[in-house]
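Engineer: Sequential numbering from -12 applies to the sequence shown in our numbering. What follows is a structure written as structure tokens; I'll ask about it next.
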Amino acid sequence: MTVTQPRRGHLSLAYSQQPTHYVCMGISGCGKSTIGQAFADSINGIFVDGDDFHPRANIAKMSAGIPLTDQDRWPWLASIVDYLAASTAQQQQVVVACSALKHAYREQLRQAPGNVVFIHLELHKDTVRERMSQRMGHFMPVSLLSSQLATLEPLRDDECGITVFNDADPSTVVQTIHEQCAAELAINPRLT
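Encoded structure:
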């Protein structure tokens, strides 16, 4: 069963004329891409994978088992913000899979025009490790899991978002996301 942690909503999204963008965040292997795509489909939004915005140098570092530094991440996050800005200008709603591990990274993502809501996907470390070891063709090695866990800063009270435990099938998790957005953030993702 999917268990959610209560979150608080701090944005008056209902009054905005700009699209709401959703960031499926969390450590590698927690299901950001799978849930992000399913959620985007449920709201007729566009799904993008934040990994596609990494410069080659970042991918090479991670492939070699070297954790990224903040200096590595800033240009990557800026590219995502630029994409969200262009999407906002076209009135397109986007769901992006992006680790967004630190509060500072999420603050940069919030610089995008429009509304930005974070969906923090959590999963047991052992399950994540198993998922990562079974992935084919992904550059992120299991050896970086500990680094990601050490870097992860949970959502703060001043951030608009929800935390969802991703232990069910994608359709159930997506339904939980819709319910939590409505109950805790007073938004209906299908209407934003």
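Backbone N, C-alpha and C fix where the C-beta goes; we use that ideal spot for every residue, glycine too.
Inspect the CB distances between the region 21 to 32 and the region 41 to 52 and report whether three or more fall short of 8 Å.
Structural biologist: no
Engineer: Given a threshold of 16 other Cβ atoms within 10 Å of its Cβ, counted over all protein chains shown, does A137 qualify as buried or as exposed?
Structural biologist: exposed
Engineer: In angstroms with no decimal places, state the Cα-to-Cα distance between P182 and D57.
Structural biologist: Outside the shown range of the chain, which is -12 to 179, sits residue 182, and nothing can be said about it.
Engineer: Here's the rule I'm using: 16 or more other beta-carbon atoms within 10 Å means buried, otherwise exposed. How should T150 be labelled?
Structural biologist: Looking at its Cβ environment, which holds 16 or more other Cβ atoms inside 10 Å, T150 is buried.
Engineer: If you reduce the DSSP assignment to three classes, tell me which class N45 lands in.
Structural biologist: Correct three-state label for N45: helix.
Engineer: Could you check how far apart the C-beta atoms of A91 and A72 are, in whole angstroms? I think they sit under 8 Å.
Structural biologist: Actually they are not in contact, since the Cβ atoms of A91 and A72 sit about 19 Å apart, beyond 8 Å.
Engineer: Going by CA-CA distance only, name the one from I164, S15, R97, I174 that's closest to I106.
Structural biologist: I164
Engineer: Spatial neighbours of Q4 within its chain, please: CB distance less than 6 Å, with the 5 preceding and 5 following residues excluded, ordered by chain position.
Structural biologist: For Q4, same chain residues with a beta-carbon under 6 Å away, outside a window of 5 residues either side, do not exist.
Engineer: Are I67 and V83 touching if we call contact CB-CB under 8 Å?
Structural biologist: yes
Engineer: In chain order, what are the residue ranges of uninterrupted alpha helix (DSSP H) at least 4 long that sit wholly in the region 66 to 114?
Structural biologist: 90 to 96
Engineer: Within 10 Å of its beta-carbon, does P184 have 16 or more other beta-carbons around it, so buried, or fewer, so exposed?
Structural biologist: Residue coverage of the chain in this structure runs from -12 to 179, which leaves residue 184 outside it and unanswerable.
Engineer: Measuring CA to CA, which of D145, V160, I14 is closest to V104?
Structural biologist: V104 has its Cα closest to that of D145, out of D145, V160, I14.
Engineer: I need the boundaries of the alpha helix (DSSP H) containing F26, first residue and last residue.
Structural biologist: 19 to 29
Engineer: Can you round the beta-carbon distance between G23 and F34 to whole angstroms, since I take them to be within the 8 Å contact cut?
Structural biologist: 6 Å
Engineer: How close, in whole Å, do the beta carbons of L108 and C17 come, if the pair is a contact with beta carbons under 8 Å?
Structural biologist: 5 Å
Engineer: Need the endpoints of the beta strand (DSSP E) that I33 sits in, please.
Structural biologist: From DSSP, the beta strand (DSSP E) with I33 extends over 33 to 36.
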